[in-house]
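Numbering (our numbering), first residue to last: 82 to 165. Scroll down for the structure; my scribbles are underneath it.
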């Protein structure tokens, strides 16, 4: 179902929902990244740090990107509808 087939009210509701999901994922990813950096600061000195453990934190932005792009498409469609 394309964005063109949705009413403006539906788009506004979807925009709010997508924004909530986006902010939640960004918040979770930021928290995990800060936790990981603290882990690195404390445990790297002991020699127990392995760079391979950083891989999940590169995946975070990859999971957020499609949701962000969806949010941008909804915004563009709403702007198109505002301009007659």
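Where a beta carbon is used, it is the ideal one built from N, C-alpha and C, also for glycine.
{"Check": "Applying the criterion that 16 or more other CB atoms from any shown protein chain within 10 Å of the CB defines a buried residue, is residue 155 buried or exposed?", "Outcome": "buried"}
{"Check": "Going by beta-carbon coordinates alone, are residue 88 and residue 159 separated by less than 9 Å?", "Outcome": "no"}
{"Check": "Check whether the region 138 to 150 touches the region 103 to 114, taking contact to mean three or more Cβ pairs, one atom from each stretch, closer than 8 Å.", "Outcome": "yes"}
{"Check": "Excluding the five sequence neighbours on either side, which residues of its own chain have a C-beta within less than 8 Å of the C-beta of residue 100, listed in chain order?", "Outcome": "152"}
{"Check": "For the candidate residues 85, 86, 91, 97, whose alpha-carbon lies nearest to that of residue 148?", "Outcome": "97"}
{"Check": "What are the boundary residues of the alpha helix (DSSP H) that residue 166 is part of?", "Outcome": "The displayed coordinates of the chain run from 82 to 165. Any statement about residue 166 would go beyond what the structure contains."}
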